[in-house]
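Shown next, in the form of structure tokens:
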């Protein structure tokens, strides 16, 4: 409980000065954006297709089921990922317990050995399953690791956006990041990552946004969701397109799903 | 093949009662693989240079119900040029079902794995295939299936795995067939002409092996208790009269703890091996009881580069009784066996290229094993791996020293579907 207390205390401290201001600060916008992008609903289920394309057009495909649950009392989250394709990773599963302020707990299940292995996860810049997305891109970066500035407001296509600059406080895989955040739903529509030479290295685009409804009657809610996104490595020409299908929120995922049991024996009503 | 029949019959019976309720959810996958390997040093006891030369078709069938129940079959059809035979290896064949919300059951041939070690095992007393590891088959073949019933119970605060193995299956260790090995009857390294034979415990109720793991998490830390009653999986008993190796009775008790430490993951595992047929340690034909410790640490040093180090210590109990009873001329072991392990893994080119090195070194046995490997996932279907096994040792009787003349190179090409 002391850990949780600390988190709440930190959130309280961080929240206090911002509340006094009339206009949202860059950090507030990004907090809302993370909420909309990584924390929507109490939990989520989706089928994820990742298409990895090299500069010469060679394609690889990963298909997985993703289950995600938010801890109602903190910013902690639990993820369960189950791979359907390709053949060499079929039935492989990942379990991630994510903590914004310390290293995640990660486990991998290797089906051929029926083995659950703890994975050392100190470098969140590692590529996620060989894609252009890093682990951090998949589950969100700790906002306090960067200094954020609201540069301007501008239109991106038809959408009114905040443009925010984020500078890492210590070494990261980028030296500067620019984010275009949709004013309407706070989803990131575009992100530009700059490298140590201050050259553009990676570009994220939110290509398709859909409203996903959850609940019935008065409890009915709608969550704007980026169902198609691309990360392109500008330098190598490699890119990864991710599409989410069968997205569902507030499914009522039990905490017991995010345990070793599911790695060895995935919940089949959820992992189809 | 006799013991397979019982399993298949049991599966068929279970299947016929459960299957009709299944909704059709059927999947079929597998791979075709060609693998070759050869000795790069002269081996005086084996004339054949080839250590690996086989074509393999693996078929994997899965049939699952809408709520619970799954039938899983995995079999390899192998054309083996080294053994000069064709064979079918039923790798896994089991039925999964959950009769209660807190209970998962798996019945049939299955791979059983637990514990914190990487290629070093204390409380995982299920069969392994070290020969496959030493000749360069894929790591998929490190473990061999057990014919077992496994109950997994999840009452809440902790979890319990209980495995009953009615049919004994040993680990595959070098016996002079593909790899020359130390022969304790002649006290020298021998090959095909004097290959070692083993005698497995009879299949009966009394010999049914039992293994359990009780585990839970404490925050980011995982703790487990283990128990085992059965037999050694390696042939550590010798019967000089009949010139066969045997698998003495073994009980084992242990514990492990694993969790974040510094910038990585640390693990501790302990085991007490009670060699029930030689509790006094006076019988030189049977392995003594021992205490075993394993310390592991893994860290991702930078993106896509991971280092894992392990230190294993085995302390033979009743060492004086062992030494006093040892026959003249027999190799003498030390009371402490130290083993250091290092695994380096580096991924490149969007994780399609993997360079790895696995190294074992024992300062007490003065022997070592090095296994470098490079692999490349050419496409989602095609992959290729190239590697080597190098063995070093001052003495013929130590685990890696006996394999000294078996240094080999290997290549594998696989198409998955």
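Protein chains in written order, with the working numbering: chain A, -10 to 261; chain B, -11 to 405.
C-beta atoms are modelled at their ideal positions from N, C-alpha and C, and glycine is treated no differently.
Following the DSSP letters along the chain, one finds residue 132 of chain B in no alpha helix (DSSP H), marked with neither H nor E. For residue 21 of chain A, there is no enclosing beta strand (DSSP E); the residue is part of the alpha helix (DSSP H) that begins and ends at 15 to 27. The residues 63, 64, 65 and 66, in chain order, have a CB closer than 8 angstroms to that of residue 76 of chain B in the same chain once the five nearest residues on each side in sequence are set aside. Rounded to the nearest whole angstrom, the C-alpha separation of residue 350 of chain B and residue 205 of chain B is 33 angstroms. Along the stretch 74 to 103 of chain A, the positions whose C-beta sits under 7 angstroms from a C-beta of chain B are 75, 76, 77, 79, 92, 94, 101, 102 and 103, read in chain order.
Among the CB atoms of chain A, one or more fall inside 9 angstroms of the CB of residue 291 of chain B. Annotated three-state conformation of residue 73 of chain B is strand, per DSSP.
Put simply, of B:111, B:58 and B:173 the residue whose alpha carbon is nearest the alpha carbon of residue 261 of chain B is B:111.
Across the stretch 224 to 235 of chain A, CB contacts with chain B closer than 8 angstroms involve 227, in sequence order along the chain.
Close partners of residue 41 of chain A in chain B (Cβ separation under 8 angstroms): 338.
DSSP places residue 334 of chain B in the strand class (E or B) of the three-state scheme. DSSP lists no beta-bridge partner residue for residue 165 of chain B. Under the Cβ criterion of 9 angstroms, residue 46 of chain A is not counted among the residues facing chain B. Within the stretch 18 to 75 of chain B, complete beta strand (DSSP E) segments of at least 3 residues are found at 38 to 52 and 58 to 68, given in chain order. Closer than 9 angstroms to the CB of residue 369 of chain B there is at least one CB belonging to chain A. Within the stretch 239 to 326 of chain B, the complete beta strand (DSSP E) segments at least 3 residues long are 252 to 263, 278 to 290 and 293 to 304, listed from N- to C-terminus. Close CB contacts of residue 130 of chain B within its chain, under the 7 angstroms cut and outside five residues either way in sequence, are with 116, 117, 120 and 121 (chain order). Taking 7 angstroms as the Cβ-Cβ cut-off, the stretch 247 to 264 of chain B approaches chain A at 248, 251, 252 and 253, given in chain order. Looking at the backbone, the Cα of residue 104 of chain B and that of residue 217 of chain B are separated by about 20 angstroms. Annotation for residue 255 of chain B: 104, 246 and 284 place their beta carbon closer than 6 angstroms to its own, counting only its chain and skipping 5 residues before and after.
Under the Cβ distance rule, residue 241 of chain A does not count among the residues neighbouring chain B, no pair being separated by less than 9 angstroms. Per DSSP, the unbroken alpha helix (DSSP H) holding residue 122 of chain B starts and ends at 118 to 123. Of all residues in the stretch 146 to 161 of chain A, none places a beta-carbon less than 8 angstroms from a beta-carbon of chain B. Taking each of A:65, A:37 and A:28 in turn and checking the Cα distance to residue 217 of chain A, the smallest one comes out for A:37. For residue 110 of chain A, the nearest beta carbon of chain B is closer than 9 angstroms to its own beta carbon.
Looking at the backbone, the Cα of residue 88 of chain A and that of residue 194 of chain A are separated by about 26 angstroms. Going by C-alpha positions, residue 31 of chain B is about 56 angstroms away from residue 35 of chain A. By the Cβ neighbour-count rule, residue 379 of chain B is buried, with 16 or more other Cβ atoms within 10 Å of its own. Counting the other CB atoms within 10 Å of its CB gives residue 87 of chain B a total below 16, which places it among the exposed residues.
Within the same chain, Cβ atoms closer than 6 angstroms to the Cβ of residue 344 of chain B are found at 333 and 361, the five residues on either side in sequence being excluded.
Here the alpha carbons of residue 179 of chain A and residue 120 of chain A stand approximately 18 angstroms from one another. By DSSP's assignment, residue 94 of chain A forms a beta bridge with A:86. At a cut-off of 9 angstroms, the C-beta of residue 125 of chain B has no neighbouring C-beta in chain A. Taking the beta carbon of residue 17 of chain B as reference, the chain A residues within 8 angstroms of it are 76 and 79, listed in sequence order. The DSSP-derived three-state label of residue 398 of chain B is strand. Contact with chain B is found for residue 119 of chain A, since one of that chain's Cβ atoms lies less than 9 angstroms from the residue's Cβ.
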